[in-house]
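J.: Residue -9 is where the sequence shown starts when you use the numbering used here, and the numbers rise one by one after that.
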Amino acid sequence: MKKFLDVCYNEETKQCLDIYLPDAQEFKTFVYFHGGGIQAGDKSDVKFFCEYLANRGIAAISVNYRMYPDAKYPEFIEDVAESVAWVFNNIEKYGKSTGIYVGGSSAGGYMSQLLCFNKEYLARHNINVMDIAGFVHDAGQPTAHFNVLAKSGLDGKRVIIDERAPLYYVGVDSEYPPMLIIVSDNDMFNRFEQTQLLITTLKHFGHGDKITYKLMHGNHCAYVEAETQDGDGGFGQTVADFILAN
């Protein structure tokens, strides 16, 4: 495994990513957005998860993006879209990628959902959502994110489905890439229920065959860097199995 740390995908904003490269000439590539409520977290927080994927032949790319209080909506979503475009344009410098996958956990899952269901963010970089081999939406909020609401002066507990909500766009397009949807049985309050709403809405529009669903156990996203991730059914294995199967 090779590591290339602090590679900037935007020199102006100084936003960077870390690349964990497997010892292989060909590999699938997973672009991952960390969680933290769009106000905390760092690409280095998921080092062990990225190493897990790289050791199983998957190039893992962990992305930093602008966050509150320095950023405003939708700058962080624009950042992650730009990071995906950087990977499309540059991954061949590191080896032959046979598919690019995109995902995130918590706030990162909210952003991966927006990239998946609102095609405009990737289209600005001449990327069609169907160019993505698959998405991993881990415990993301499919309604308007609670911190996006709070920063706009609204109660973050409100359930709002507007242009800031991934659910707002479900059904607009006729097809979506395969997606792994993950949530915990002891997730953040209302996150499990909102995730089920996302799944049933996708099924309502005839996209049930695109969904792989995994119910994790424990607190919200605690499994992402858990030591048990190497075990049967852990987060690392769940993501790796999905990527290698699609």
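Cβ coordinates follow ideal geometry from the N, Cα and C atoms, glycine included.
Just so we're clear, the structure is a prediction, and the values are computed from it rather than from any experiment.
1) Find out if the Cβ-Cβ distance for the pair I122, I171 is shorter than 8 Å.
2) Using a threshold of 8 Å, state whether the C-beta atoms of M101 and V70 are closer than that.
3) Just confirm the distance between the C-beta atoms of F136 and G143, as a whole number of angstroms; I'd bet it's less than 8 Å.
4) Can you have a look at K(-8) and say buried or exposed, based on whether 16 or more other CB atoms are within 10 angstroms of its CB?
5) Taking Cβ positions, are F225 and M206 nearer each other than 8 Å?
6) Which whole-angstrom value is the C-beta distance of I48 and F20, which I expect to be below 8 Å?
7) Have a look at E72 and N176 and give me their C-alpha separation to the nearest angstrom.
8) Consult DSSP for K200 and reduce its assignment to one of helix, strand or coil.
9) M101 bridges to which residues according to DSSP?
10) Go through its chain and collect everything with a Cβ distance to Y213's Cβ below 8 Å, but skip five positions before and after it.
11) For the alpha helix (DSSP H) that contains A129, what are its first and last residues?
12) Give me whichever residues DSSP pairs with G94 in a beta bridge.
13) List the whole-angstrom C-beta distance separating C244 from A155, where the pair is believed to meet the contact cut-off of C-beta under 8 Å.
14) Decide if the stretch 109 to 122 is in contact with the stretch 29 to 47; the criterion is three or more beta carbon pairs, one per stretch, under 8 Å apart.
15) Do K109 and D163 have their CB atoms nearer than 8 Å?
16) Run the CB neighbour count on V(-3), radius 10 Å, all protein chains shown included, and call it buried at 16 or more, exposed below.
17) According to DSSP, is N137 part of a helix, a strand, or is it coil?
18) DSSP puts A49 in a beta bridge; with which residues?
19) Could you spell out the range, first to last residue, of the beta strand (DSSP E) harbouring F38?
20) Using only the alpha-carbon positions, how far apart do G85 and Q15 sit?
21) For Y(-1), which of K62, G25, D13 and N80 has the nearest alpha-carbon?
22) Look at the Cβ atom of Q5, then the Cβ atom of Y55, and state whether they are nearer than 8 Å.
23) Can you give me the Cβ contacts of L(-5) inside the same chain, cut-off strictly under 6 Å, excluding the 5 residues immediately before and after it?
24) Work out the CA separation of L187 and F179 for me, nearest whole Å.
25) I need the boundaries of the alpha helix (DSSP H) containing L188, first residue and last residue.
T.: In terms of the structure at hand:
1) Numbered from its first residue, the sequence shown carries residue 122 at position 132. Numbered from its first residue, the sequence shown carries residue 171 at position 181. It is not a contact, given that the beta carbons lie outside the stated cut-off.
2) For the purposes of this step, residue 101 is identified with residue 111 of the sequence shown, where counting begins at 1. For the purposes of this step, residue 70 is identified with residue 80 of the sequence shown, where counting begins at 1. Cβ distance < 8 Å, so M101 and V70 count as in contact.
3) Here residue 136 is taken as the residue at index 146 of the sequence shown, counted from 1. Here residue 143 is taken as the residue at index 153 of the sequence shown, counted from 1. About 13 Å; that fails the 8 Å criterion.
4) Here the question's residue -8 lines up with position 2 in the sequence shown. Classification of K(-8): exposed, given that the 10 Å Cβ count is below 16.
5) Counting from 1 along the sequence shown, the entry for residue 225 is found at position 235. Counting from 1 along the sequence shown, the entry for residue 206 is found at position 216. Between F225 and M206, the gap from beta carbon to beta carbon is short of 8 Å.
6) Translated into positions along the sequence shown, residue 48 becomes position 58. Translated into positions along the sequence shown, residue 20 becomes position 30. The Cβ separation is near 6 Å, so the contact holds.
7) As a first step, residue 72 is located in the sequence shown; it is residue number 82 there, counting from the start. As a first step, residue 176 is located in the sequence shown; it is residue number 186 there, counting from the start. Cα atoms of E72 and N176: separation of roughly 33 Å, rounded to the nearest angstrom.
8) Walking along the sequence shown from the start, residue 200 turns up at place 210. Reduced to three states, the DSSP call for K200 is helix.
9) Here residue 101 corresponds to residue number 111 of the sequence shown, with the count starting at 1. As computed with DSSP, M101 is found in no beta bridge at all.
10) Position 223 of the sequence shown, counting from 1, holds the residue named residue 213. Cβ within range, chain order: S174, M206, H207, Q219, G224 and F225.
11) As a first step, residue 129 must be located in the sequence shown, where it is residue number 139. Per DSSP, A129 belongs to no alpha helix (DSSP H) and is neither H nor E.
12) Numbered from 1 along the sequence shown, position 104 holds the residue referred to as residue 94. When beta bridges are read from the DSSP output, G94 appears opposite F23 and H127.
13) What is shown of the chain runs -9 to 236, which leaves residue 244 out entirely.
14) No: the two stretches stay apart, fewer than three of their Cβ pairs being nearer than 8 Å.
15) Counting from 1 along the sequence shown, the entry for residue 109 is found at position 119. Counting from 1 along the sequence shown, the entry for residue 163 is found at position 173. For the pair K109 and D163, the CB atoms are nearer than the 8 Å cut-off.
16) The sequence position of residue -3 within the sequence shown is 7, counting from 1. Here V(-3) is exposed: its Cβ has fewer than 16 other Cβ atoms, across all protein chains shown, within 10 Å.
17) In the sequence shown, counting from the first residue as 1, residue 137 sits at position 147. It is helical.
18) Residue mapping note: residue 49 aligns to position 59 of the sequence shown, counting from 1. A49 is bridged to T19.
19) To locate residue 38, count along the sequence shown from 1; it is residue 48. Note, F38: premise wrong, no beta strand (DSSP E); alpha helix (DSSP H) at K37 to A44.
20) Numbered from its first residue, the sequence shown carries residue 85 at position 95. Numbered from its first residue, the sequence shown carries residue 15 at position 25. Approximately 6 Å between the Cα atoms of the pair.
21) As a position in the sequence shown, residue -1 is number 9, starting the count at 1. Y(-1) has its Cα closest to that of N80, out of K62, G25, D13 and N80.
22) As a first step, residue 5 must be located in the sequence shown, where it is residue number 15. As a first step, residue 55 must be located in the sequence shown, where it is residue number 65. Yes, the pair counts as a contact, with Cβ atoms nearer than the cut-off.
23) As a working mapping, residue -5 is identified with position 5 in the sequence shown. Excluding sequence positions up to five before and after L(-5), its CB lies within less than 6 Å of the CB of D8, all in the same chain and listed in chain order.
24) Within the sequence shown, the letter at position 189 stands for residue 179. Within the sequence shown, the letter at position 197 stands for residue 187. So the alpha carbons of these two residues sit roughly 14 Å apart.
25) Numbered from its first residue, the sequence shown carries residue 188 at position 198. Run containing L188: R181 to H194, per the alpha helix (DSSP H) assignment.
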